[in-house]
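Have a look at the structure below before the remarks.
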Amino acid sequence: LLSIGDLSPAEFTRLVLNASSHKAAVKAAFGANQVPPKPLHGALTGKTVAMMFSKRSTRTRVSTEAAVQLMGGHPMFLGKDDIQLGVNESLYDTSVVISSMTSCMVARVGAHQEVADLAAHSSVPVINALSSDFHPLQTIADFQTIHENFPARTPSESSLGLEGLKVAWVGDSNNVLFDLAIGCVKMGVDIAVASPEGYGIPESMRKLILGAATGAAKPGKLIETTVPEEAVKDADILVTDTWVSMGQEAEKQKRLKAFAGYQITNELAKRGGAKPDWKFMHCLPRHPEEVDDEVFYGPRSLVFPEAENRLWAAVAALEAFVVNKGKIL
Ligand code: CP
Ligand code: NVA
Numbered sequence: 005l006l007s008i009g010d011l012s013p014a015e016f017t018r019l020v021l022n023a024s025s026h027k028a029a030v031k032a033a034f035g036a037n038q039v040p041p042k043p044l045h046g047a048l049t050g051k052t053v054a055m056m057f058s059k060r061s062t063r064t065r066v067s068t069e070a071a072v073q074l075m076g077g078h079p080m081f082l083g084k085d086d087i088q089l090g091v092n093e094s095l096y097d098t099s100v101v102i103s104s105m106t107s108c109m110v111a112r113v114g115a116h117q118e119v120a121d122l123a124a125h126s127s128v129p130v131i132n133a134l135s136s137d138f139h140p141l142q143t144i145a146d147f148q149t150i151h152e153n154f155p156a157r158t159p160s161e162s163s164l165g166l167e168g169l170k171v172a173w174v175g176d177s178n179n180v181l182f183d184l185a186i187g188c189v190k191m192g193v194d195i196a197v198a199s200p201e202g203y204g205i206p207e208s209m210r211k212l213i214l215g216a217a218t219g220a221a222k223p224g225k226l227i228e229t230t231v232p233e234e235a236v237k238d239a240d241i242l243v244t245d246t247w248v249s250m251g252q253e254a255e256k257q258k259r260l261k262a263f264a265g266y267q268i269t270n271e272l273a274k275r276g277g278a279k280p281d282w283k284f285m286h287c288l289p290r291h292p293e294e295v296d297d298e299v300f301y302g303p304r305s306l307v308f309p310e311a312e313n314r315l316w317a318a319v320a321a322l323e324a325f326v327v328n329k330g331k332i333l
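Residue numbers are given in the working numbering: position 157 of the sequence shown equals residue 161, and the series is strictly consecutive.
Shown next as structure tokens:
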């Protein structure tokens, strides 16, 4: 699972619904103790999941470790100072060796090619835990959050029934956006992206996002602008992410200047004409420059349920790719 682009609309729908139903079942049966009922209980017994992270992480690390544990497996966390990943050993050698001893590799890397190389040479499933281009586990959790907070219109086997919704992304065009946009196109959700000049979607990525329409009954539209108010118009969900992703620290001052005026606030939503009951989402970690406290901690914010859903997204992904060997049932 390198990107949501790897999934058909039906597979993506199934993963999101599985994440949501595992959450409901575990909570109903065991509340906060999170002891999983069948079929999760013991699904990974005797299996080790290697977690190779070359960058920091709170949610992805904790949700993956907790998900593996919940399913009876052993999460083996390998940080950038623990293994030779891409520093003192080739990705080929690393991939062949680690996959010979474990049942899955979950990898957070810099350039997307690194996780693609790991996957190309691995004998076990590889799950992208964030690369320069994509963040599929985040997108599964994000659609689970949308599914749980917006009534479905006409759900089917290949759609969550969210057609007609509009997402407004105001901020940097980055890894989190790219998979979210692919998910939106697949699910018939329109997505409007407002980024400053020079920080928009690269041409090759635009092609991938638009290509995600293949197989979707009624694909969502991609709208691009430099005007935040234009993106926000009639939006049901306002979303953003940091303006300075990991690895871009040296550009911080330049970026803060370039993104001035792109902060999500209630005033922006009002000026732009967002839908009256609009909601706010953010993958976290969050900085106040991209969204103010009033919105982030306000009643429209879904950010904490969205973060919790990372656990259920990880459970659904491990079930599909490790337990069911890539069959998304
Ligand atoms: N949203 C997300 O991936 O957060 P972390 O970087 O903390 O894992
Ligand atoms: N765009 C951010 C997401 C972190 C979860 C980054 O790549 O740092």
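Where is the CB? At the ideal position from N, CA and C, for every residue including glycine.
Discussion item. By alpha-carbon positions, which one of GLY224, TRP173, ALA278, LYS237 ends up nearest to TYR266?
Written reply: TRP173
Worksheet item: Should LEU134 be listed as close to ligand 2, given that the test is whether its C-beta is under 7 Å from any heavy atom?
Response: At least one heavy atom of ligand 2 is found less than 7 Å from the C-beta of LEU134.
Worksheet item: Hey, is the segment 223-237 in contact with the segment 269-282, meaning 3+ C-beta pairs nearer than 8 Å?
Response: Result yes; three or more Cβ-Cβ pairs closer than 8 Å.
Worksheet item: Is VAL2 near ligand 2, going by C-beta to nearest heavy atom under 7 Å?
Response: Given that the chain is displayed from residue 5 to residue 333, the structure contains no residue 2 and the question cannot be resolved.
Item to complete: Identify every run of the alpha helix (DSSP H) within the segment 5-65, keeping only runs that are complete inside it and at least 4 residues long; order them along the chain.
Response: 13-34
Discussion item. Which same chain residues end up closer than 8 Å to PHE81 when comparing Cβ atoms and leaving out the 5 residues on each side of it in sequence?
Written reply: MET55, PHE57, ARG65, GLU69
Worksheet entry | Simplified DSSP state of ASN270, which is helix, strand or coil | helix
Worksheet item: Just reading off the alpha helix (DSSP H) that ASP97 is part of, what are its end residues?
Response: 95-103
Discussion item. Quick check: what's the CA-CA separation for LYS261 versus CYS108?
Written reply: 41 Å
Fill in: Buried or exposed by the 16-neighbour rule on C-beta atoms within 10 Å, applied to LYS190
buried
Worksheet item: What's the C-alpha gap between VAL193 and ASP10?
Response: 18 Å
Fill in: CA-to-CA distance, ASP137 to ASN328, given in whole angstroms
26 Å
Worksheet item: Relative to the C-alpha of TYR301, which residue among ARG314, LEU315, MET285, TRP316 is closest?
Response: MET285
Item to complete: Go through its chain and collect everything with a Cβ distance to PHE147's Cβ below 6 Å, but skip five positions before and after it.
Response: Cβ within range, chain order: VAL20, GLY187.
Worksheet item: Going by alpha carbons, who is nearest to ASN132 out of LYS225, LEU322, ALA32, TRP247?
Response: LEU322
Discussion item. Just verifying my parser: in three-state terms, what is the DSSP assignment at LEU306?
Written reply: coil
Practice prompt. Along the beta strand (DSSP E) that carries THR244, what are the first and last residues, could you check?
Written response: 241-244
Worksheet item: Would you say MET250 touches ligand 2, meaning its beta carbon is less than 7 Å from a heavy atom?
Response: The answer is yes for MET250.
Worksheet item: What are the boundary residues of the beta strand (DSSP E) that includes LYS170?
Response: Under the DSSP assignment, LYS170 falls in the beta strand (DSSP E) whose first and last residues are 170-174.
Discussion item. Just list the residues that DSSP pairs LEU226 with in beta bridges.
Written reply: DSSP lists ILE195 as the bridge partner or partners of LEU226.
Worksheet item: Which whole-angstrom value describes the C-beta separation of ASP97 and GLN142, a residue pair presumed to lie in contact below a C-beta threshold of 8 Å?
Response: About 29 Å separates the beta carbons of ASP97 and GLN142, which is beyond the 8 Å limit, so they are not a contact pair.
Fill in: Exposure of ASP121, with buried meaning 16 or more beta-carbon neighbours within 10 Å
buried
Worksheet item: Excluding sequence positions up to five away, which residues of its chain have a Cβ less than 7 Å from the Cβ of ALA111?
Response: Around ALA111: MET56, VAL119, LEU122, VAL130, ASN132, ALA133.
Worksheet item: Nearest CA to the CA of LEU44: which residue from SER61, GLY76, VAL53?
Response: Selected option, being the one with the closest Cα: GLY76.
Practice prompt. Would you check if there are 3 or more beta carbon pairs closer than 8 Å linking the segment 147-157 to the segment 208-220?
Written response: no
Discussion item. Looking at ligand 2, does it come within less than 7 Å of ASP146, judged from the CB to the closest heavy atom?
Written reply: no
Practice prompt. Tell me, please, whether the segment 244-255 touches the segment 220-230 by the rule of three or more beta-carbon pairs shorter than 8 Å.
Written response: Touching, no, given that fewer than three Cβ pairs across the two stretches are closer than 8 Å.
Worksheet entry | C-alpha gap between SER24 and GLU152, whole angstroms | Cα atoms of SER24 and GLU152: separation of roughly 8 Å, rounded to the nearest angstrom.
Practice prompt. Determine the closest residue to TYR203 out of SER177, ALA221, ARG210, with distance taken between C-alpha atoms.
Written response: SER177
Worksheet item: So what does DSSP say about PRO79, is it helix, strand or coil?
Response: Three-state DSSP puts PRO79 in a strand.
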